[in-house]
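Undergrad: Handing you this structure, nothing more for now.
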Amino acid sequence: MRRKRKLPRRKSLILLKVHIEEVNVEEILPVRQTVLRNGKPREECFFEGDLAEETIHLALYNNEELVAIASILKDTSEKIDTNNQYRLRGMAVVPNQQIKGYGRHLLLYAEDLIQQKAPATLWFNARTTAVDFYQKNNFQVFGKEFDIPNVGPHFLMFKNYEQT
């Protein structure tokens, strides 16, 4: 007796050319301006520390299109009691490219950079809407929700990295 089996649907295989580069702050400003600052003037999209020598600006490209950004700054949160701290700022994925894994890919790349500086702590102010994403990547919430004027509700989050 033959049994009918349902075959899995074929999924299209799309070959992507995804790569991450360390770039100049000017290259990531358009995404910051659109995604994080709701189209505010370009001058309002710069962060303190953007031009510091040790600041790293990351850009994730898919087929040469900029789809995700983040910056890593040497910065200290007084609320976290560790010595070697780095801050993740301006993490964003272009809206029509979200939920495709680009944010996680970029975050893992940033974490690899911090791991090389271990022992170290990576911290940031996460938008409340992004807390679940960061918790799935083993970041911890510190304290209560707070509001950043003209930006919205956030939580302080962090992760410690040990020497390997």
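Under the numbering used here, the first residue of the sequence shown carries the number 103, and numbering increases by one thereafter. Ideal placement from N, C-alpha and C gives every residue a C-beta, glycine not left out.
State the start and end residues of the unbroken beta strand (DSSP E) segment that holds residue 125.
TA: Position 23 of the sequence shown, counting from 1, holds the residue named residue 125. That run of the beta strand (DSSP E) goes 120 to 125.
Undergrad: Bridge partners for residue 189 per DSSP, in chain order?
TA: Counting from 1 along the sequence shown, the entry for residue 189 is found at position 87. Answer is 175, 225.
Undergrad: Could you tell me if residue 159 is buried or exposed, where buried requires 16 or more neighbouring beta carbons within 10 angstroms of its beta carbon?
TA: Counting from one through the sequence shown, the residue named residue 159 turns up at place 57. It is buried - the Cβ of residue 159 has at least 16 other Cβ atoms within 10 Å.
Undergrad: Report all residues from its chain with a CB closer than 6 Å to the CB of residue 147; omit the five preceding and five following residues, and keep chain order.
TA: For the purposes of this step, residue 147 is identified with residue 45 of the sequence shown, where counting begins at 1. Closer than 6 Å at Cβ, skipping near neighbours: 131, 134, 135, 139.
Undergrad: For residue 175, verify whether its CB is less than 6 Å away from any heavy atom of the ligand ADP.
TA: Of ligands this structure carries none, so the ligand ADP is not represented either.
Undergrad: Is it the case that the region 207 to 220 contacts the region 161 to 175, given that we only count it when at least three CB pairs across the two stretches are under 8 Å?
TA: A contact exists between the region 161 to 175 and the region 207 to 220.
Undergrad: Residues in its own chain within less than 7 Å of residue 58 by CB, not counting five upstream and five downstream?
TA: In this structure the chain extends from 103 to 266, so residue 58 is not present and cannot be described.
Undergrad: Using DSSP with H/G/I as helix, E/B as strand and the rest coil, what is residue 181?
TA: Against the sequence shown, residue 181 aligns to sequence position 79. Coil at residue 181, not helix or strand.
Undergrad: Which residues does DSSP pair with residue 164 in a beta bridge?
TA: Against the sequence shown, residue 164 aligns to sequence position 62. Answer by DSSP bridge pairing, in chain order: 120, 167.
Undergrad: In or out: residue 242 buried (at least 16 other Cβ within 10 Å) or exposed?
TA: Walking along the sequence shown from the start, residue 242 turns up at place 140. Under this definition residue 242 is an exposed residue.
Undergrad: Measure the beta-carbon distance from residue 230 to residue 257 and round it to whole angstroms, keeping in mind my assumption that it falls under 8 Å.
TA: The residue labelled residue 230 in the question sits at position 128 within the sequence shown. The residue labelled residue 257 in the question sits at position 155 within the sequence shown. At roughly 6 Å, the Cβ-Cβ gap stays under 8 Å, so residue 230 and residue 257 are in contact.
Undergrad: Look up residue 152 in the DSSP assignment and say whether it is helix, strand or coil.
TA: Numbered from its first residue, the sequence shown carries residue 152 at position 50. Collapsing the DSSP output to three states places residue 152 in coil.
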